Amino acid sequence: MVLLFQITLLIFKENTAKEGEGGAIYNGGSIDYSSENIIEKCDFINNIAGRGSAICSEKNLTIRNIENNYWGSTNPNWSKLLYNTIKPISYYKTSIAKKLDSIIQVNPITCNLKEKITLTGTIKDSDGKNIPHGKVAFKLNGKTLGYSNITNGIIKYQYTIPATYSAKNYTITVTYGENTKYFSSNNKNTLTIKPYKTTLTIKTTPSFPGRTTIFTAHIKSNTNLNATSGNVIFKINGKTVSKKIKVINGIATFQYNIPNTWSSKNYTVTATYSGNYQFETTKITKNFSVSKLATKLVTNSIVAKIGQTINIQTTLNDVNGNKINTGTVTYKINNKTILTHVKVINGTATGKYTIPKTFTIKNYQITTIYSGNNQCRNNTFNSTLKITS
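Right, here's the structure in full:
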């Protein structure tokens, strides 16, 4: 006795034959097909057959619908698709789909360190239509950053540039994986990281001839980040006065001995920063003032008689202990000028004066007034003239 049967609905949906080895999605299997046995109203939907193979190879199969299937041949015909199967009884929603190439476009971008950016691009099929959904992977110089969903052909990925990155060009790569509708693809473009805009300031300690002045350069970014490397060279009035000074935590410090011969006036200091892998090179020029030195002068007290000629002698030094060699001294007794324009030579000023007969026996005040020069400040000193009998 032969068992007769009829299968009314058989659905083949989203099946895949083994890649590259041929074979149909369905070839009858172990079912005993005879003229009395029939399987009808079979649907084949979203299937992938092997390379160059048929979707179905069973000739006693009645097919209702073939929708969105893929086979290896790029230009299949009905005989390859169904071999000798019975012609489909219904073509409703029937389509013979082919797998399309995917085409990615990645947009270039320029940014700064520590900036939050959005990497963008598009993905279309080879017919020019947007791929509606799916996922892509974003990589930077070969390192995976993460994955992003496709939204109607638009791809986006947000990323914050680490502060440790260098200012240079990087390669953005976007990769899309193969699926039942589209082949895989990838594309690249350039991410350019710009160096920080650099701010350079200089501070100067008070400056005097013969003394040490400290110049401090502070280098930071426009985002208030201190430079951690690079070097600074200092110039005064256009002449280089330092070697390369290393920048440590945003600071480069240089000590400079102001020559004794420098006058009290304005000078220029220029600091030039070399830049590094994160910071732009930059320089700044500003004025600094060399001030006059304080002056120390001493006039000895004198004991004299009326009618006697005396030497009024004054020693003059700057605050550094150096003898003053220029300028003049004026002498007064009890606020009355007795000598003017007494020259200072090698730290000494000497004036001769005869005690007038109008003086009486008592103490008088000698006032010494130094005029100052281009390096030293003026100053005044009081001493005593004692008139005896």
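In this note's numbering, each residue's number is its place in the sequence shown (first place is 1) plus 896.
Glycine is no exception: its CB is placed at the ideal position from the N, C-alpha and C atoms.
Computed from a prediction, not measured in an experiment: that's the story for all the values here.
Contact set for residue i: own chain, Cβ-Cβ below 7 Å, skip 5 residues either direction
{"i": "Glu1176", "result": "Pro1091, Tyr1092, Lys1093 and Thr1094"}
{"i": "Ile1202", "result": "Ile1251, Lys1253, Phe1255 and Ile1283"}
{"i": "Thr1242", "result": "Just to set this straight, residue 1242 is Asn in the shown sequence, not Thr. Answer for Asn1242: Lys1219 and Asn1221, listed in chain order."}
{"i": "Lys1020", "result": "Ile999, Asn1026, Ile1027 and Gly1049"}
{"i": "Glu1074", "result": "Ser1080"}
Distance CB(residue i)-CB(residue j) smaller than 9 Å
{"i": "Val1137", "j": "Ser1159", "result": "no"}
{"i": "Thr1086", "j": "Tyr1061", "result": "no"}
{"i": "Lys1239", "j": "Thr1224", "result": "yes"}
{"i": "Thr1014", "j": "Lys1052", "result": "yes"}
{"i": "Ile1330", "j": "Tyr1249", "result": "Residue 1330 falls outside the range modelled here, since the chain spans only 897 to 1285, and no answer is possible."}
{"i": "Ile1180", "j": "Thr1097", "result": "yes"}
{"i": "Ala1190", "j": "Val1215", "result": "yes"}
{"i": "Asn1172", "j": "Leu1193", "result": "no"}
{"i": "Thr1100", "j": "Val1199", "result": "no"}
{"i": "Gly1030", "j": "Tyr1072", "result": "yes"}
{"i": "Asn1231", "j": "Thr1210", "result": "no"}
{"i": "Ser1197", "j": "Thr1276", "result": "no"}
{"i": "Cys1272", "j": "Lys1182", "result": "no"}
{"i": "Lys1116", "j": "Gln1054", "result": "no"}
{"i": "Ala1167", "j": "Gly1146", "result": "no"}
{"i": "Phe1184", "j": "Ser1103", "result": "yes"}
{"i": "Asn1270", "j": "Lys1161", "result": "yes"}
As assigned by DSSP and simplified to three states, the class of residue i
{"i": "Val1165", "result": "strand"}
{"i": "Val1137", "result": "coil"}
{"i": "Ile1154", "result": "coil"}
{"i": "Ala1351", "result": "One cannot answer for residue 1351 here, as it falls past the ends of the chain, which runs 897 to 1285."}
{"i": "Asn1218", "result": "coil"}
{"i": "Thr1224", "result": "strand"}
{"i": "Lys1192", "result": "strand"}
{"i": "Leu1235", "result": "strand"}
{"i": "Gln1001", "result": "strand"}
{"i": "Ala1200", "result": "strand"}
{"i": "Ser1170", "result": "coil"}
{"i": "Thr1177", "result": "coil"}
{"i": "Asn971", "result": "Low per-residue confidence applies at Asn971: pLDDT is 40, beneath 50, and the placement is therefore not dependable enough to give any value."}
{"i": "Thr1101", "result": "coil"}
{"i": "Ala1123", "result": "coil"}
{"i": "Asn1008", "result": "strand"}
{"i": "Val1128", "result": "strand"}
{"i": "Phe901", "result": "Confidence is the limiting factor: at Phe901 the pLDDT is only 42, short of 50, which leaves the residue's position unreliable, though a coordinate-based value still follows. Correct three-state label for Phe901: coil."}
{"i": "Lys1282", "result": "strand"}
{"i": "Lys1093", "result": "coil"}
{"i": "Lys1084", "result": "strand"}
{"i": "Val1186", "result": "strand"}
{"i": "Lys995", "result": "coil"}
{"i": "Asn1213", "result": "strand"}
{"i": "Asn1207", "result": "strand"}
{"i": "Gly946", "result": "With a pLDDT of only 49 at Gly946, under the threshold of 50, the placement of this residue in the model should not be trusted, and no figure is reported."}
{"i": "Arg960", "result": "Any reading at Arg960 must be qualified, since the residue scores a pLDDT of 48, below 50, and its modelled position is unreliable; no value is offered."}
Cβ-based neighbour list, residue i, same chain, cut-off 8 Å, excluding 5 preceding and 5 following
{"i": "Lys1010", "result": "Thr1056, Ile1057, Pro1058, Ala1059, Thr1119 and Leu1121"}
{"i": "Asn1127", "result": "Lys1140, Ile1141, Lys1142, Val1143, Ala1148, Tyr1169 and Ser1170"}
{"i": "Asn1133", "result": "Tyr1163 and Thr1164"}
{"i": "Phe1079", "result": "Lys995, Leu996, Asp997 and Ser998"}
{"i": "Asn1082", "result": "Ile1000, Thr1069, Val1070, Thr1071 and Tyr1072"}
{"i": "Ser1267", "result": "Gly1223, Thr1224, Val1225, Thr1226 and Asn1274"}
{"i": "Gln1204", "result": "Thr1250 and Ile1251"}
Own chain partners of residue i with C-beta closer than 6 Å, once the 5 adjacent residues on each side are dropped
{"i": "Thr1108", "result": "Gln1151 and Asn1153"}
{"i": "Thr1088", "result": "Thr1006 and Asn1065"}
{"i": "Gly1247", "result": "Ile1208, Tyr1227, Leu1235 and Val1238"}
{"i": "Thr1016", "result": "Asn1003 and Lys1052"}
{"i": "Asn1037", "result": "Tyr1066 and Thr1067"}
{"i": "Ser1285", "result": "Ile1257"}
{"i": "Gly1106", "result": "Asn1156 and Asn1216"}
{"i": "Ile1265", "result": "Thr1226 and Thr1276"}
{"i": "Lys1035", "result": "Thr1069"}
{"i": "Thr1178", "result": "Thr1094, Leu1096 and Tyr1169"}
{"i": "Ile1110", "result": "Thr1101 and Gln1151"}
is_contact[residue i, chain B] using C-beta, thresh 9 Å
{"i": "Thr1166", "result": "Absent from the structure is chain B; it holds one protein chain and no more."}
Restricting to runs no shorter than 3 residues, where is the beta strand (DSSP E) found entirely within the region 1248 to 1278? 1259 to 1266
Inside the region 1012 to 1079 only - beta strand (DSSP E) runs reaching at least 3 residues: 1012 to 1021, 1031 to 1036, 1039 to 1045, 1050 to 1056 and 1065 to 1072
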